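Notes follow once the structure below has been shown.
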Amino acid sequence: MDNCIFCAIAEHKIPSEIVYEDNLVVAFKDVKPIAPTHLLIIPKEHFKDFLEFSQSPKRAEISEALMHAVNTICEEQGIESFHLLNNCGEAHGQSVFHLHFHLISGVDLTKHIKF
Ligand code: 5GP
Ligand code: ZN
Numbered sequence: 000m001d002n003c004i005f006c007a008i009a010e011h012k013i014p015s016e017i018v019y020e021d022n023l024v025v026a027f028k029d030v031k032p033i034a035p036t037h038l039l040i041i042p043k044e045h046f047k048d049f050l051e052f053s054q055s056p057k058r059a060e061i062s063e064a065l066m067h068a069v070n071t072i073c074e075e076q077g078i079e080s081f082h083l084l085n086n087c088g089e090a091h092g093q094s095v096f097h098l099h100f101h102l103i104s105g106v107d108l109t110k111h112i113k114f
């Protein structure tokens with residue numbers, strides 16, 4: 000999609016520190032990390048948010064690829080404990096409207112949020 004920064008990253012049109020890539024998914028370092036490990040995992044295909052993605056006929060195939068990416072990254076980087084976070088919608092902090100999951104490790108966010 001035009002004017003989408005994450006589509007541009009997925010298409011290698013703008014630079015990013017990619018840590019994982021396959022035919023469906025890319026993972027790269029967040030430009031403003033909030034933890035020692037702060038990665039963004041995205042489908043290459045553009046979905047504006049989790050709800051749009053969850054209605055797609057491709058959701059099963061891409062969900063599997065997203066999970067495989069998390070597993071591979073954790074194995075490669077020796078990560079055993081982490082947060083996997085999606086902000087869906089502007090009212091809940093989403094600022095880039097291409098579906099992404101934050102993989103955050105090295106800071107326990109539950110120490111800062113009361114559930
Ligand atoms: P959101 O607030 O939508 O859940 O998260 C968007 C994330 O994307 C933020 O953590 C922000 O730092 C990151 N981000 C925004 N623009 C870029 C960029 O151009 N490159 C990279 N690597 N991360 C970005
Ligand atoms: Zn996009």
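Numbering (numbering that gives the first Met the number 0) for the sequence shown: 0 to 114. All residues carry an ideal CB built from backbone N, CA and C; glycine is no exception. Just so you know, these numbers come straight off a predicted model, no measurement behind them.
(message) For the ligand ZN, is there any heavy atom lying closer than 8 Å to the beta carbon of A9?
(response) As a working mapping, residue 9 is identified with position 10 in the sequence shown. For the ligand ZN, at least one heavy atom lies less than 8 Å from the Cβ of A9.
(request) Per DSSP, which residues does V24 bridge with? Please list them. (result) Here residue 24 refers to the residue found at position 25 when the sequence shown is read from its first residue. Note: V24 is bridge-paired with P42 in the DSSP secondary-structure output.
(message) Let me check understanding here. Comparing Cα to Cα, which of G77, L98, S94 and G88 lies closest to S104?
(response) As a working mapping, residue 104 is identified with position 105 in the sequence shown. The candidate whose alpha carbon is nearest that of S104 is G77.
(request) Taking all protein chains shown into account, decide if P14 is buried (16 or more other Cβ within 10 angstroms of its Cβ) or exposed. (result) As a position in the sequence shown, residue 14 is number 15, starting the count at 1. P14 is exposed by the Cβ-count criterion.
(message) Can you confirm whether the segment 27-42 touches the segment 60-72 when touching is taken to mean that 3 or more C-beta pairs between the two stretches lie within less than 8 Å?
(response) Cβ pair count under 8 Å is three or more, so yes.
(request) Classify V18 as helix, strand or coil using the three-state DSSP reduction. (result) For this step, residue 18 is matched to residue 19 along the sequence shown. DSSP places V18 in strand when its eight states are reduced to three.
(request) Determine the burial state of F27: buried for a count of at least 16 other Cβ atoms within 10 Å of its Cβ, exposed for fewer. (result) For this step, residue 27 is matched to residue 28 along the sequence shown. Flag for F27 reads buried.
(request) Give every residue of the same chain whose Cβ lies closer than 7 Å to the Cβ of C6, excluding the five residues on either side of it in the sequence, and list them in chain order. (result) Translated into positions along the sequence shown, residue 6 becomes position 7. Excluding positions up to five away in sequence, the list reads M0, H45 and H97.
(request) Could you spell out where the beta strand (DSSP E) holding H82 opens and where it closes? (result) For the purposes of this step, residue 82 is identified with residue 83 of the sequence shown, where counting begins at 1. Judged by DSSP secondary structure, H82 falls within the beta strand (DSSP E) whose first and last residues are H82 to L84.
(message) So, with DSSP's three-state summary, where would you put L98?
(response) Taking the sequence shown and counting its residues from 1, the one referred to as residue 98 is at position 99. Coil, per DSSP.
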